[in-house]
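Residue numbers for the sequence shown follow the numbering used here, so the first one is 13 and each next one is one higher. Cβ atoms here follow ideal geometry from the backbone N, Cα and C, with glycine treated the same way. Keep in mind it's a predicted model, so treat the numbers as computed, not measured. Below: one structure, written as structure tokens.
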Amino acid sequence: MASFKTLDDLTDISGKRVLVRVDLNVPCKDGKVTDATRIERVAPTILELSDKGAKVILLAHFGRPKNGPEAEFSLAVIQSAVEAVLDRRVHFAGDCIGEPAHEAVAALEDGGILLLENTRFHKGEEKNDPDFVKALAANGDIFVNDAFSAAHRAHASTEGLAHHMPAYAGRTMQAELEALEAGLGNPKRPVVAIVGGAKVSTKIDLLKNLVRKVDALVIGGGMANTFLAAQGIDVGKSLCEHDLADTAKAILAEAQDAGCAIVLPSDVVVAREFKANAANETVAATAIPADAMALDVGPDSIQAVNDWIAKAETLVCGTARSALSKSSLSTPPPSRSPNSPPKRPRRASSSPSPAAAIPSRRSITPMWPTTLPMSRPPAAPSWNGWRASPSQAWTC
Numbered sequence: 013m014a015s016f017k018t019l020d021d022l023t024d025i026s027g028k029r030v031l032v033r034v035d036l037n038v039p040c041k042d043g044k045v046t047d048a049t050r051i052e053r054v055a056p057t058i059l060e061l062s063d064k065g066a067k068v069i070l071l072a073h074f075g076r077p078k079n080g081p082e083a084e085f086s087l088a089v090i091q092s093a094v095e096a097v098l099d100r101r102v103h104f105a106g107d108c109i110g111e112p113a114h115e116a117v118a119a120l121e122d123g124g125i126l127l128l129e130n131t132r133f134h135k136g137e138e139k140n141d142p143d144f145v146k147a148l149a150a151n152g153d154i155f156v157n158d159a160f161s162a163a164h165r166a167h168a169s170t171e172g173l174a175h176h177m178p179a180y181a182g183r184t185m186q187a188e189l190e191a192l193e194a195g196l197g198n199p200k201r202p203v204v205a206i207v208g209g210a211k212v213s214t215k216i217d218l219l220k221n222l223v224r225k226v227d228a229l230v231i232g233g234g235m236a237n238t239f240l241a242a243q244g245i246d247v248g249k250s251l252c253e254h255d256l257a258d259t260a261k262a263i264l265a266e267a268q269d270a271g272c273a274i275v276l277p278s279d280v281v282v283a284r285e286f287k288a289n290a291a292n293e294t295v296a297a298t299a300i301p302a303d304a305m306a307l308d309v310g311p312d313s314i315q316a317v318n319d320w321i322a323k324a325e326t327l328v329c330g331t332a333r334s335a336l337s338k339s340s341l342s343t344p345p346p347s348r349s350p351n352s353p354p355k356r357p358r359r360a361s362s363s364p365s366p367a368a369a370i371p372s373r374r375s376i377t378p379m380w381p382t383t384l385p386m387s388r389p390p391a392a393p394s395w396n397g398w399r400a401s402p403s404q405a406w407t408c
């Protein structure tokens with residue numbers, strides 16, 4: 013039995029203003045969406061609410077604007093892509109609070125869909141400022157969170173709103189949480205978790221929680237550099253949060269106390285430049301040149317992870333473990349032409365959640381490092397980044 017409310021608990025919502033937090037932080041090139049997977053993932057929730065007559069008001073961030081509104085980070089860029097995926101008219105408001113938002117919401121018809129401007133155009137979003145939360149809440153009666161991939165951040169539109177209005181999980185969020193419960197609540201052991209990403213700072217609580225629940229934790233991506241550096245290893249110019257050395261040491265100590273093995277790269281692929289087709293070489297993780305940066309793991313590290321997978325009864329995995337977008341050895345993921353509209357999704361998904369626990373005895377094959385659901389395979393093996401096939405990834 014789920015300990016959280018879902019869309020199944022929403023009955024008569026015709027005419028209700030439903031604020032829906034979604035992840036629309038999609039890749040774009042020349043003003044066109046190049047991969048609409050994230051839009052497709054939240055489409056079932058949006059369409060279900062719309063079909064029930066709710067006024068669907070979408071909240072989302074896009075990129076990392078630094079000083080207020082910036083044209084390149086406006087959600088207006090992706091409005092047409094959202095319309096193409098939903099096959100519905102999507103209105104747009106030039107702000108997520110204030111008069112522009114209020115007027116757009118007031119004009120929205122029952123069943124209508126409105127996309128509000130980038131929440132990160134306001135500093136109160138990332139600060140989870142109470143006044144900003146109230147300004148967002150003023151435009152809704154109900155809050156639905158369907159942005160699992162942004163849920164680890166306690167921002168105004170992800171965490172703050174849940175304390176100010178009736179809150180429910182969208183279909184994607186529901187699937188993720190139920191799958192995590194299956195994988196971490198009472199799983200078959202040994203349990204192996206594979207996590208990556210650029211920063212330890214955004215996943216401290218996650219890592220501390222995992223080391224108490226899993227038997228082995230594989231750490232990759234930029235996070236691995238921070239853990240290596242915390243052990244006194246020179247990581248050169250690699251992406252690394254040196255100021256979090258004590259935090260990394262504390263997590264390592266907690267893992268030891270909990271009997272959780274921490275698996276870090278033993279060899280890495282390094283380059284002197286972070287760009288496509290840069291010259292690269294594989295070296296021991298303890299021998300990274302001072303003028304180089306680790307951008308991926310090497311073959312010995314891959315074998316070590318494969319060995320852990322072979323032992324696992326339950327596998328939870330996800331997020332990027334390499335800088336494949338700059339790799340001269342990688343193959344780009346399948347994507348639609350920037351000039352072609354995104355495919356309209358099925359109204360419901362029968363595939364497992366991206367948070368799904370993966371039965372053991374599955375080989376590890378490469379995965380392109382985005383939050384793509386893993387039922388969508390890459391066109392060809394990428395440089396590295398691990399994927400448990402043919403099931404799903406957990407996107408932290």
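Whole angstroms are fine: how far does the CA of Asp-153 sit from the CA of Asn-237? Spanning the two alpha carbons is a distance of roughly 44 Å.
Taking the beta strand (DSSP E) that Glu-129 belongs to, which residues open and close that run? According to the DSSP assignment, Glu-129 belongs to no beta strand (DSSP E), since it is labelled neither H nor E.
Just to confirm before moving on: does the CB-CB distance between Ala-265 and Ala-273 stay below 9 Å? Not a contact, by the Cβ cut-off of 9 Å.
Which one or two residues does DSSP pair with Arg-165 in a beta bridge? Looking at the DSSP output, Arg-165 shares a beta bridge with no other residue.
Just checking, does the stretch 192-199 make contact with the stretch 170-183 on the three C-beta pairs under 8 Å criterion? With the cut-off at 8 Å, the stretch 192-199 and the stretch 170-183 do not touch.
Using the Cα positions of Ala-290 and Lys-200, report the straight-line distance between them to the nearest angstrom. Spanning the two alpha carbons is a distance of roughly 43 Å.
Please look up how many angstroms separate the CB atoms of Ile-3 and Ile-58, rounded, as I've assumed it's under 8 Å. Any question about residue 3 goes unanswered here, given that the chain covers just 13 to 408.
To the nearest angstrom, how far is it from the Cα of Gly-310 to the Cα of Leu-256? Gly-310 and Leu-256: Cα-Cα distance of roughly 25 Å.
Hey, could you find the ends of the beta strand (DSSP E) Thr-294 is sitting in? Element bounds for Thr-294: 292-296.
Keeping to the same chain, check which residues put their C-beta closer than 6 Å to that of Lys-17; ignore five residues upstream and five downstream. Only Tyr-180 meet the Cβ criterion.
Is Arg-183 helix, strand or coil by DSSP? Residue state, collapsed to three classes: helix.
In angstroms with no decimal places, state the Cα-to-Cα distance between Leu-127 and Val-223. Rounded to whole angstroms, Leu-127 to Val-223 spans 39 Å at the Cα level.
Pick out the complete alpha helix (DSSP H) segments inside the stretch 197-278, 4 residues or longer, and give them in chain order. Taking only runs of at least 4 residues, the alpha helix (DSSP H) segments lying wholly in the stretch 197-278 are 216-222, 233-242, 257-270.
With a CB to CB cut of under 7 Å and the five nearest residues on each side skipped, what residues in its chain are close to Ala-88? Closer than 7 Å at the Cβ level, and outside the excluded window around Ala-88, lie Phe-104.
So what does DSSP say about Arg-50, is it helix, strand or coil? Reduced to three states, the DSSP call for Arg-50 is helix.
Straight-line Cα distance separating Ala-283 from Asp-303: Their backbone Cα atoms lie some 9 Å apart in a straight line.
Just checking my contact of Val-328 with Ala-205 at CB under 8 Å: how many whole Å lie between their CB atoms? Their Cβ separation, rounded to whole angstroms, is 5 Å, which keeps Val-328 and Ala-205 in contact under 8 Å.
Within the 9 Å Cβ cut-off, does Asp-255 reach chain D? Note that chain D does not occur in the displayed structure, where there is just one protein chain.
Do the CB positions of Leu-70 and Val-97 come within less than 9 Å of each other? No.
Among the candidates His-176, Glu-325, Ser-250, Arg-100, whose CA atom is the shortest distance from the CA of Ala-55? Residue Arg-100 is the option with its Cα nearest to Ala-55.
Which one of Asp-24, Trp-320, Leu-61 has the shortest CA to CA distance from Arg-183? The option with the nearest alpha carbon to Arg-183 is Leu-61.
As a quick exercise: from Pro-202, Asn-130, Pro-178, Ala-118, pick the residue whose alpha carbon is nearest that of Pro-77. Of the candidates Pro-202, Asn-130, Pro-178, Ala-118, Asn-130 places its Cα closest to the Cα of Pro-77.
Local Cβ density within 10 Å of Thr-23, reported as buried at 16 or more and exposed below that: By the neighbour-count rule (16 or more Cβ atoms within 10 Å), Thr-23 is not buried but exposed.
Pull up the distance between the alpha-carbon of Lys-249 and that of Lys-287, whole angstroms please. Distance between Lys-249 and Lys-287, taken at the CA atoms: about 14 Å.
Per-residue burial, Gln-243 [other beta carbons within 10 Å of its own, 16 or more giving buried]: Exposed, by the Cβ-count rule.
Pairwise C-alpha distance: Leu-19 and Arg-50: Looking at the two C-alpha atoms, the distance is approximately 19 Å.
If distances are taken between C-alpha atoms only, which option among Asn-37, Lys-135, Arg-132 comes closest to Val-94? Per the Cα distances, Asn-37.
Can you grab the Cα-Cα spacing for the pair Lys-225 / Asp-246, in whole Å? The C-alpha of Lys-225 lies about 30 Å from the C-alpha of Asp-246.
Delimiting residues of the alpha helix (DSSP H) encompassing Ile-109: Note, Ile-109: premise wrong, no alpha helix (DSSP H); not H, not E.
Does the beta-carbon of Val-281, which I'm using as the reference point, lie nearer than 8 Å to any heavy atom of the ligand FAD? What this structure holds is no ligand at all, so the ligand FAD is not there to describe.
Within this structure, are the beta carbons of Lys-135 and Asp-143 separated by less than 9 Å? No; because the gap between Cβ atoms is not below 9 Å, this pair is not in contact.
Suppose the cutoff is 7 Å on Cβ atoms and the five residues either side in sequence are ignored; what does the same chain contact list for Ala-316 look like? The residues are Val-275, Ser-278.
Neighbourhood of His-114 by C-beta distance below 8 Å, restricted to the same chain and skipping five residues each side: Setting aside the 5 residues that flank it on each side, His-114 is surrounded in the same chain by Ala-150, Asn-151, each with a C-beta closer than 8 Å to its C-beta; the list follows chain order.
Where does Asn-157 land, buried or exposed, given buried means 16+ other C-beta within 10 angstroms? Its Cβ being crowded by 16 or more others within 10 Å, Asn-157 is buried.
Measure from the alpha carbon of Gly-43 to the alpha carbon of each residue in Phe-85, Lys-215, Ala-324, then state which is nearest. Considering only alpha carbons, the answer is Phe-85.
Less than 8 Å between C-beta atoms, sequence neighbours within five positions excluded: which residues of the same chain meet that for Gly-27? Gly-65, Ala-66, Lys-67, Asp-122, listed in sequence order.
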